[in-house]
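In my numbering, the protein residues as written are 3 to 330.
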Amino acid sequence: MAQYQTLLYYCYSPIENAEQFAADHLEFCRSLGLFGRIIVADEGLNGTVSGTPEACKAYMEAVYADGRFNHTEFKIDDVEEPSFIKMHCRYKPEIVHSGLRDPKIINPNERTGVHLEPTEFMEMKDRDDVVILDVRSNYEHSVGRFKNAVTLDIENFREFPEKIKELEQYKDKKILTYCTGGIKCEKASALLLKEGFEDVYQLHGGIIKYGKEAGGKDFEGQCYVFDNRVTVDVNAVNPSVISTCKNCGTTTSKMINCANPDCNEHFTQCDACGWEMDGCCSDTCKEHPRKREYDGTGYYVKVPQPVNVEKISKRKHKNFPPKENVEA
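Below you can see the structure in the form of structure tokens.
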């Protein structure tokens, strides 16, 4: 048995008093000795947690025992050490930032693209009437993506709605969307359907599940993940490396954050340039007075802050005043 495990999951399911749930859930995770990052919103949960197999098993059992989340699907990785060193659990307006908060516009619990299991996705992806659409950000698809996938020039998923017009040329095709674990596709596919795309599908469980159940065939490069592993291998069938070092152009799959916190750019950098540039993307960043100490990983951890339920409630009330105070 592995010494540690990492769980990746999400669940769209309404949570009443989500601010307090976030505070309580943080304490529960700490009681199990877990490390990770969880986002709690009125619309559900999105998390990656890491710990011993016993702790991870207890966490999954607790999530399933809550009737709101009993349809959650966990993707489990065996790891040599925890994938985080802190435990974060924060309340936010959405579990994935899209700017599409109103369930009257799109609601992943009511209408999304057809979910394709990994083997179904693999069978469909090379057809002439199909377009594979990567809905992730630039820094994610730069280090790894499906062969022949359409990628979007976006820095954050919240920019996805602005790119819909660029996809009009594919309206007569079957659109197969994919992302890391499936969560972005829930809203991306729902929005495509709302905008008149008729044949929309999504890779159920995302790239991670595809790697586990279909061998990762035709996924080029590595998959970016949001923990201290940064990237993970996916393809065990026909693997390749598609990314290059920003500084020297050498082929490399190593992705880091710039050591200058004011820059913090995600980029690929080989080990040689990493040490030469002290983990920075440029000479200007290398000379920055607030430059963080580079340890060879290029991964930096923010110190977590306790959940301030009262402050969040005041902010939420300010942003979403009572209905009787809102003009139609």
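Don't be surprised by glycine CBs; every beta carbon is placed ideally from N, CA and C.
| query | result |
| --- | --- |
| Distance check for residue 4 and residue 81, CA to CA, integer angstroms please. | 7 Å |
| Give me the residue from 132, 148 and 130 with the minimum Cα distance to residue 180. | 148 |
| Roughly how far, in whole angstroms, is the beta-carbon of residue 279 from the beta-carbon of residue 293, given that I think they are within contact range, below 8 Å? | Not confirmed; about 11 Å, so no contact. |
| Leaving out the 5 sequence neighbours to the left and right, which residues in its chain are closer than 7 Å to residue 45 when beta-carbon positions are compared? | 14, 16, 96 and 97 |
| What are the uninterrupted segments assigned as alpha helix (DSSP H) that are 4 or more residues long and contained completely in the segment 186-225, given in chain order? | 208-216 |
| With three or more C-beta pairs closer than 8 Å as the rule, is the segment 160-178 touching the segment 81-95? | no |
| For the alpha helix (DSSP H) containing residue 27, name the first residue and the last one. | 20-34 |
| Compute the beta-carbon to beta-carbon distance between residue 20 and residue 57, rounded to the nearest angstrom, for a pair I have assumed lies under 8 Å. | Not a contact, Cβ separation roughly 24 Å. |
| Sorted by chain position, which residues of the same chain lie with C-beta nearer than 8 Å to residue 31's C-beta, five sequence neighbours on each side aside? | 38, 40, 51, 61, 89 and 91 |
| Taking only the alpha-carbon atoms, compute the straight-line gap between residue 192 and residue 211 and give it to the nearest angstrom. | 21 Å |
| Looking at residue 79: is its Cβ nearer than 7 Å to the Cβ of residue 182? | no |
| Going by C-alpha distance, which of 199, 152, 205 and 298 is nearest residue 125? | 205 |
| In chain order, what are the residue ranges of uninterrupted alpha helix (DSSP H) at least 4 long that sit wholly in the segment 230-270? | none |
| Which runs of the beta strand (DSSP E) at least 3 residues long sit entirely within the segment 271-307? Give them in chain order. | none |
| Terminal residues of the continuous alpha helix (DSSP H) containing residue 121? | 120-126 |
| So, under 8 Å CB-CB, residue 300 and residue 244 are touching, yes? Tell me the CB distance rounded to an integer number of Å. | In fact, because the Cβ distance is near 19 Å, the residues do not count as touching under 8 Å. |
| If you draw a straight line from the C-alpha of residue 64 to the C-alpha of residue 291, how long is it? | 46 Å |
| When you compare the CB positions of residue 120 and residue 216, do they come within less than 7 Å of one another, or not? | yes |
| Measuring straight from C-alpha to C-alpha, what distance separates residue 268 and residue 224? | 14 Å |
| Going by DSSP in three states, residue 309 sits in which element: helix, strand or coil? | Its pLDDT being 45, under 50, residue 309 is placed unreliably in this model, and the value from its coordinates should be taken loosely. The answer is coil: DSSP assigns residue 309 none of H, G, I, E or B. |
| Checking 7 Å against the spacing of the C-beta atoms, do residue 161 and residue 226 come in under that value? | no |
| Can you find the residues in the same chain that come closer than 8 Å, C-beta to C-beta, to residue 129, ignoring five residues on each side of it along the sequence? | 176 |
| Got a sec? Which residues, its chain only, sit under 7 Å from residue 27 by beta carbon, not counting five neighbours each side? | 40, 42 and 91 |
| For residue 213, which residues from the same chain have a beta carbon less than 6 Å from its beta carbon, with the 5 sequence-adjacent residues on both sides left out? | 236 |
| Under DSSP, the alpha helix (DSSP H) around residue 91 begins and ends at which residues? | First-last for residue 91: 89-93, but that is the beta strand (DSSP E), not the alpha helix (DSSP H). |
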